[in-house]
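Data first, discussion second: the structure below is written as structure tokens.
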Amino acid sequence: MKNNFGVYFRDKDERIADSENFTLSGLDNYSLNNDLIYLDEQNFADYFRQAEVKGVLPRAEFGKVYAENIRDNVLEFKEKIADLGEPKQASIDFNIAVDWQNENQKIRLFGYMDALFGDNSQVIHWHFAKYKDRYCIRPWIYYLIQCVTQENAVPAKLITQDKVLELPPIEREVALAQLQIYVKDYLQSQIEIQLVPTIRNINDFIVDDESAVDFDNVFEKLQALTESNGFGSKADPYWSRVLAQTSRFKQPENIAKLLKQTKAWFGLLFAQKKTRKAQS
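In terms of full-length UniProt numbering, the numbers along the sequence shown are unbroken and rise by one, the last being 280.
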């Protein structure tokens, strides 16, 4: 307490915040889940006790309820990935030819791929979270590389809390053409930014009939990326900045370009999802 001019001021606000320690923040929930996924079940109780002491878990019965729910979710997901075994890595180093700036250029791709499982080195990525389209992108690219660089590549698999799905199988020539698109657009990105939505529902920006596009509707979907909603999706800072700094997507020709490029990038990847959606 400090006494200034007869008025007492607290050094700090000692009142309990409205939400203090009776709820679990999204970030803490994520941290707890991802710690526990690597622990044996017999160590869960100790982990939760430490989380309680640190003030991470909510108070009293609230904490017990959260701990029980987290425990059940973690164990359910661990069952999904229990039989995967130990992941392997593989190095890649190959050249790919692309036509860029009126020249046929050889571009060297090299690095490491991880999350390879089994004797056939199947790409299997898992996320301890609800499914999002963007989770498919990395295993898709790894699978394309495998199709181009090895025989009998097995389609990649994605495991999330609510889905287990196998990405669509493709032929080597198709995989090569798709990789060439990515490499060419990467080179072009050194000159101009490549604006392709990779958050939320990417299928919103993949259209089959480009002559029947509702441009206002597409712009509204772009605008929605800059807004939080009641379903847990937060405003995307990147697209918020893009749409605040440019009015280009108010012009139909630029929306048409975005749709065309999104389809070129992800049309093959999400073809099965689009078919299932049309049938449902």
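Glycine residues also receive a C-beta, built at the ideal position from the N, C-alpha and C atoms.
DSSP state of residue i mapped onto helix, strand, coil
i: residue 254; result: helix
i: residue 183; result: helix
i: residue 267; result: coil
i: residue 84; result: coil
i: residue 343; result: The structure shown does not extend to residue 343, since the chain is modelled only from 1 to 280, so the question has no answer here.
i: residue 115; result: strand
i: residue 79; result: helix
i: residue 103; result: strand
Cα-Cα separation, residue i to residue j
i: residue 70; j: residue 54; result: 17 Å
i: residue 192; j: residue 222; result: 20 Å
i: residue 144; j: residue 248; result: 32 Å
i: residue 189; j: residue 255; result: 18 Å
i: residue 179; j: residue 128; result: 28 Å
i: residue 137; j: residue 106; result: 24 Å
i: residue 42; j: residue 75; result: 12 Å
i: residue 67; j: residue 57; result: 8 Å
i: residue 219; j: residue 133; result: 20 Å
Chain-order list of residues whose beta-carbon lies under 8 Å from that of residue i (same chain, five-residue window excluded)
i: residue 267; result: 206
Beta carbon of residue i nearer than 8 Å to that of residue j
i: residue 225; j: residue 197; result: yes
i: residue 126; j: residue 159; result: yes
i: residue 271; j: residue 168; result: yes
i: residue 51; j: residue 27; result: no
i: residue 155; j: residue 117; result: no
Cβ neighbour criterion (16 or more within 10 Å) applied to residue i
i: residue 91; result: exposed
i: residue 121; result: buried
i: residue 94; result: exposed
i: residue 130; result: exposed
i: residue 238; result: exposed
i: residue 65; result: exposed
i: residue 234; result: exposed
i: residue 108; result: exposed
i: residue 82; result: exposed
i: residue 39; result: exposed
Same chain, Cβ closer than 7 Å to residue i, neighbours up to 5 away in sequence not counted
i: residue 44; result: 36 and 71
i: residue 147; result: 153, 170, 172 and 175
is_contact[residue i, chain B] using C-beta, thresh 8 Å
i: residue 114; result: Among the protein chains of the structure shown there is no chain B, as only one such chain exists.
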